[in-house]
Amino acid sequence: MIKISQLNKEFESRVRLGIMSVLMVNDWVDFSEMKGLLEITDGNLASHSNALEKAGYIEVKKEFVGKKPKTSYRVTQNGRQAFTEHLDALEKLLGR
């Protein structure tokens, strides 16, 4: 039987679950698209994506397109594995 303490604390937030869910099924997703999909503020996306990047779960690419800055995200292999394990643990916790 799995214990709730075995769940990954990095994915406790609704926003982080959303970011990871989007990135698991897409390659690169830019800041404005992610913000729109999750219906969150700039600051909220920035703080949660920074935490996931710091944990090594996502990669952040910053570049200029013309004169405009563009930030994009993608899941790392480490992030893919950690999120899959988190989802598996949730399913076991729910008895599925």
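So for the sequence shown, UniProt numbering puts the first residue at 1; every next one is plus one. Quick reminder that beta carbons are idealized off the backbone N, C-alpha and C, glycines included.
Annotated three-state conformation of Val25 is coil, per DSSP.
In terms of CA proximity to Lys9, Ala55 leads the group Ala55, Leu23, Ser47 and Asp27. With at least 16 other beta carbons inside 10 angstroms of its own, Val29 counts as buried.
For the options Glu63, Leu87, Asn50 and Thr71, the alpha carbon positioned closest to that of Ser32 is the one of Thr71.
From the listed residues Thr76, Phe64 and Val65, the smallest Cα separation to Ser49 is found for Thr76.
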